[in-house]
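If you use our numbering, the sequence shown corresponds to residues 3 to 255, in order.
Glycine is no exception: its CB is placed at the ideal position from the N, C-alpha and C atoms.
Below: the structure, in structure tokens.
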Amino acid sequence: MCRHVGYLGPAMTLAELLLEPVHSLLEQTWAPNDMRGGGTINADGFGVGWYRPDGGVARYRAAVPMWTDESFRQTAADVRSGAVVAAVRSATAGMPVTPGACAPFTDDTWLFSHNGRVTGWPDSLAKLAARLEVVDLLTLEAATDSALLWALLRQRLANGEEPDRAVRELVCEVVAAAPDSRLNLLLSDGARLIATTWTHALWVRRAEASVAVASEPFGPEAGWVEVPDRCLLVADTTDARVTSLSELSMGER
3 MCRHVGYLGP
13 AMTLAELLLE
23 PVHSLLEQTW
33 APNDMRGGGT
43 INADGFGVGW
53 YRPDGGVARY
63 RAAVPMWTDE
73 SFRQTAADVR
83 SGAVVAAVRS
93 ATAGMPVTPG
103 ACAPFTDDTW
113 LFSHNGRVTG
123 WPDSLAKLAA
133 RLEVVDLLTL
143 EAATDSALLW
153 ALLRQRLANG
163 EEPDRAVREL
173 VCEVVAAAPD
183 SRLNLLLSDG
193 ARLIATTWTH
203 ALWVRRAEAS
213 VAVASEPFGP
223 EAGWVEVPDR
233 CLLVADTTDA
243 RVTSLSELSM
253 GER
């Protein structure tokens with residue numbers, strides 16, 4: 003499975019956030035500590051999305067291990083941002099290894115990442131996919147479960163749903179259609195981080211004027227709190243709220 007990170011707070015370089023800390027996202031590409039459900043490294047590509055000072059979204063993705071990409075090291079040393087979503091990828095067997103398959107996905111407003119897998123893919127999500135416009139299906143960035151989840155979530159957001167509700171309802175629908183899926187989702191608009199835990203681990207750390215979420219803690223150990231399984235986290239630089247998703251599992255209704 004993958005590892006992802008979200009950060010909101012004072013601007014820092016991408017290198018300071020992703021490459022330099024103890025057990026950084028870079029280190030998690032070859033030495034993750036908590037890969038549940040398969041995989042030992044995260045070497046099938048990576049992506050980083052960040053919000054520029056003008057509010058626009060920029061992104062860097064590559065279908066190579068993060069540790070091999072010298073161009074990214076140079077970019078990471080130069081780029082500063084106070085709102086970042088990043089992920090390193092361990093591809094599910096049979097799925098493509100291309101830049102377009104790497105999170106974060108974006109529509110130039112939101113950044114989205116998925117750590118996990120949808121069971122029974124692609125058949126299990128055929129009915130949900132049928133709700134999308136044909137053009138949205140034809141323009142998926144990759145033939146992967148994560149890219150389809152992003153299209154389904156993007157549809158909800160475009161229809162005016164509140165982002166926390168949109169994420170919550172998407173998890174509900176996918177669990178009903180594909181039981182035993184692993185659905186750690188991460189969404190940001192540059193002001194909020196909205197994340198779910200569904201089988202995989204997620205940690206949150208709040209500090210003065212900043213918040214970080216991560217599949218595995220990085221940097222100083224102090225302050226990290228594990229988010230319980232089957233929960234929704236909504237966080238910004240002043241608050242972090244966790245609510246249960248358990249009642250959304252069709253098997254528990």
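Checklist line | Residue(s) in a DSSP beta bridge with glutamate 228 | finding: Trp205
Note to self: Among the candidates Leu28, Asp238, Ala145, whose CA atom is the shortest distance from the CA of alanine 95?
What the structure shows: Ala145
Check: How should glycine 47 be labelled, buried or exposed, when 16 other C-beta atoms within 10 angstroms of its C-beta is the threshold for buried?
Finding: buried
Checklist line | Assigned secondary structure, alanine 103 (DSSP; H/G/I helix, E/B strand, else coil) | finding: helix
Notebook entry, point to check: proline 12 by DSSP, collapsed to three states: which one?
Noted result: strand
Check: Using the C-alpha atoms, what's the distance from arginine 63 back to tryptophan 69?
Finding: Going by the C-alpha atoms only, they are around 13 Å apart.
Next item on the list: Quick one: residues in its chain with C-beta nearer than 7 Å to the C-beta of glutamate 29, no 5 flanking neighbours on either side, listed in chain order?
Entry: none
Notebook entry, point to check: Grouping DSSP H, G and I as helix and E and B as strand, with all else coil, what is arginine 170?
Noted result: Note: arginine 170 maps to helix in three-state DSSP.
Next item on the list: Assuming aspartate 166 contacts valine 236 (C-beta within less than 8 Å), just tell me the rounded distance between them.
Entry: 5 Å
Next item on the list: Look up tryptophan 152 in the DSSP assignment and say whether it is helix, strand or coil.
Entry: helix
Margin query: Can you list, in chain order, the residues of its chain with a C-beta nearer than 8 Å to that of aspartate 238? Leave out the 5 residues immediately preceding and following it.
Written below: Leu10, Ala193, Arg194, Leu195, Val213
Notebook entry, point to check: Which of the three DSSP states, helix, strand or coil, is assigned to tryptophan 52?
Noted result: strand
Item checked: Beta-carbon proximity of serine 92 to asparagine 44, cut-off 7 Å -> yes
Item checked: Extent of the continuous alpha helix (DSSP H) to which arginine 75 belongs -> From DSSP, the alpha helix (DSSP H) with arginine 75 extends over 72 to 80.
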